[in-house]
Every structure is written in C-alpha cells, then in structure tokens.
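Trainee:
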Amino acid sequence: TVGCVVVDKEGRCAAATSTGGLMNKMSGRIGDSPLIGAGTYACGVCGVSCTGEGEAIIRGTLAREVAAVMEYKGLQLQEAVDFVINHRLDEGKAGLIAVSNTGEVAYGFNCNAMFRGCATEDGFMEVGIWD
Amino acid sequence: MGGWAIAVHGGAGVDPNLPPQRQEQAKQLLTRCLNLGISSLRSNASALDVVELVVRELETDPLFNSGRGSALTEKGTVEMEASIMDGSNRRCGAVSGLTTVKNPVSLARLVMEKSPHSYLAFNGAEEFARQQGVDVVENEYFVTPENVGMLKLAKEANTILFDYRIPTVGYDSCGAGAESPLQMNGLPISVYAPE
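Those protein sequence lines, which keep their order, are chains Z and D.
When we follow my numbering, the leftmost residue of the first sequence carries the number 1, and every step to the right adds one.
When we follow my numbering, the leftmost residue of the second sequence carries the number 1001, and every step to the right adds one.
#1: What does a CB cutoff of less than 6 Å around Z/Gly31 pick up in its chain, not counting 5 residues either side in sequence?
#2: If we count Cβ pairs, one from each stretch, closer than 8 Å, do we get three or more for the stretch 1145-1157 of chain D versus the stretch 1112-1123 of chain D?
#3: Helix, strand or coil: which one does DSSP assign to D/Val1078?
#4: Three-state secondary structure (DSSP) at D/Thr1015?
#5: Give the C-beta separation of D/Val1136 and D/Lys1102 to the nearest angstrom, bearing in mind that I take them to be a contact with Cβ-Cβ under 8 Å.
#6: Which of the three DSSP states is assigned to D/Phe1122 in this structure?
#7: If you reduce the DSSP assignment to three classes, tell me which class D/Thr1168 lands in.
#8: Using only alpha-carbon positions, find the residue among Z/Gly95, Z/Met114 and Z/Thr102 that is nearest to Z/Met70.
#9: Against Z/Glu104, what residues of chain D qualify as contacts under a CB-to-CB distance less than 9 Å, listed in chain order?
#10: Tell me whether D/Asp1086 is buried or exposed, calling it buried when 16 or more other Cβ atoms sit within 10 Å of its Cβ.
#11: Rounding to the nearest angstrom, what Cα-Cα distance links Z/Gln78 and D/Glu1081 in this structure?
#12: Can you tell me where the alpha helix (DSSP H) with Z/Ile129 in it begins and where it stops?
#13: Kindly list the residues whose CB is nearer than 6 Å to the CB of D/Asp1061, restricted to its own chain and excluding five residues on each side of it in sequence; keep chain order.
#14: Does the stretch 39-46 of chain Z come into contact with the stretch 1013-1031 of chain D, if we say contact requires no fewer than three beta-carbon pairs (one atom in each stretch) closer than 8 Å?
#15: Identify the contact partners of D/Leu1030 in chain Z, using a Cβ-Cβ distance below 8 Å as the criterion.
#16: Is D/Val1137 helix, strand or coil by DSSP?
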C-alpha cells in the first residue's frame, strides 16, 4: 500500500491511498484503502492515509478517527495519531500518515516498521523505515 | 495559517531482514516522491493535485505494493484499489477490483469529478476507465517476478502474507471456537471477530 497526504499553502488538506491488497488474497477482496473514512480521509482539519491490516483499519474507521478526536477531543495532530494507533486498532497492526490544516505533519504505527517520508515548508524533511 | 506540509508512505510491516540495498532503494523512492511533491507545492499546486501526482509516481515504481508491483491474488493476478479525498469540500472518489488501469488513483479522482458516484468497482470501474480514456495495460504489466515468488511462499505457508507479525501469546483468547487453518497476517483468522 502507498499513500500521500498534503496540506497546501491555502491550508487545504487532501489524501490519497493506492494498493494491490494482500498477497494470496481471495479474488474480490476489498481492503481499507478505497474505503473513505477507513484507509483514506480528508476534511477541513486534516488529511490521513493508512496502511496495514485492512480488516483492522476498517473496523476502527482509522482515518476518520484521527479527524474526529481532533474535532471532538481537541487533540493536536500527533496526539490524535498516537491516540488512534494505541486505542483504536484492537489486535491489528497498522500505520498512518497525517497532515493538519495548520501545516503540521505526523505519523504513527504499531508494527515493526513503516516506509515513510515527510516534509514541511520550514525546511524539515525526514525519510525512515524502522521505529 | 501554517505553511505547506506533505507525507508519503510505502506500507507498514517490513521484513526485519530486509537487505540494506532494498532499504536504500525504498528511501530513495520516498525521497524522490517527497521532492516531487515539494516542487509542486512551491509552484502553488493544490493539495489534491499533489497527492494524485505523488501516488501516481508510487504506483508506477514497482518497489511498493501498488500499481506495478502489486500483491497477487490467490490466482496469481492483480486486483488494485485506490481512493482520494479533497478536504476542502470533502469530495471523494474510490475504485476497487481494477485489473488493467495503469494508475488507479487517477481513476479514483475521475470517479470523484466525472461521475455521480463516489465508488466504482470491478467491471463498472473498468468500463468507466475506458469511457474516460485513461491508460490501460495488460494485467501482466503489474506482475513482478518477486511477487510471483512471494505468492508461492504464501501458498506454501497457507497464509495471507501481509507483514511480519510476531504473534503475541494468548491471542487465541480472542478467537471464537477451534483454530481454523486459514491464517490472516500470520495469525489464525479467528483472531478477527466475525464481521
């Protein structure tokens, strides 16, 4: 699975996710990536793209959950990402990337690694794999 | 109002023994995609255009599980899916079950912008792709020798390969009933509460 989240200079957020799914999956199986609110979500507050065990991400409506705890619990972006990864995945293993309309970027995962990269206008840039 | 920001990912759950040169390849691809997005943002591109541009790049490179280099079904074929969402008005588009569309994320955007729906799948999505004139290729284009090998491994292990989970002790407490032989991500399918 691959994904990208962006907030532009106007503060507009967007998210996109694309995948081949699981190796040896049944034909016809649909995962989290195309499900809006599960693998992909964007609103006025943030943009989120998820990867990992689709069944767990779907059951946790993971991407929308980041926006929801920002809106209703008033969490900041990284707090929201950490809360969702730690409390909404049950036994599942997954990761996600997110941006906020104020130009923040965040990510989190509860498996052994996630291929990710992030950058902000003030010059921050990071590319990583392991924890 | 803050400035622009961008993040990309190439999947979670990685082989702990991934060879260093594969790790380096992955970092180079992630860096290339970040730079592609950054130069677009500096040219005032919209967030929606940048996420589509970057995911297309990731779909075209065979390194990660999407587009070319996608995971294979139990039949050894590729069935791809993608979605895109514009936060400024919460419009969205999604596709599933694609077998010939070169860049699924762009078809998802066309579903959002050129159809009355938010999600098209399988034959309907393939038909819409031809109506919209997007690039289509044979399914073989998406299959890589490496993934053919991975599928063989998965079949031998009778599992659905996703990531390297180290099953925690006592996980069977979540499972209802006897252990089923079918595995999902290295765990008995019973770990997943029946939908």
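Backbone N, C-alpha and C fix where the C-beta goes; we use that ideal spot for every residue, glycine too.
Mentor: In terms of the structure at hand:
#1: Gly21 and Gly54
#2: no
#3: coil
#4: Looking at the sequence itself, residue 1015 of chain D is Asp, so the reference to Thr does not match. Residue state, collapsed to three classes: coil.
#5: 7 Å
#6: helix
#7: Its pLDDT being 33, under 50, D/Thr1168 is placed unreliably by the model, and nothing is read from it.
#8: Z/Thr102
#9: Gly1002 and Ala1005
#10: buried
#11: 28 Å
#12: Looking at the DSSP string, Z/Ile129 is not in any alpha helix (DSSP H); the run it does join, the beta strand (DSSP E), is Met125 to Trp130.
#13: Leu1029
#14: no
#15: Phe115, Arg116, Gly117 and Val127
#16: coil
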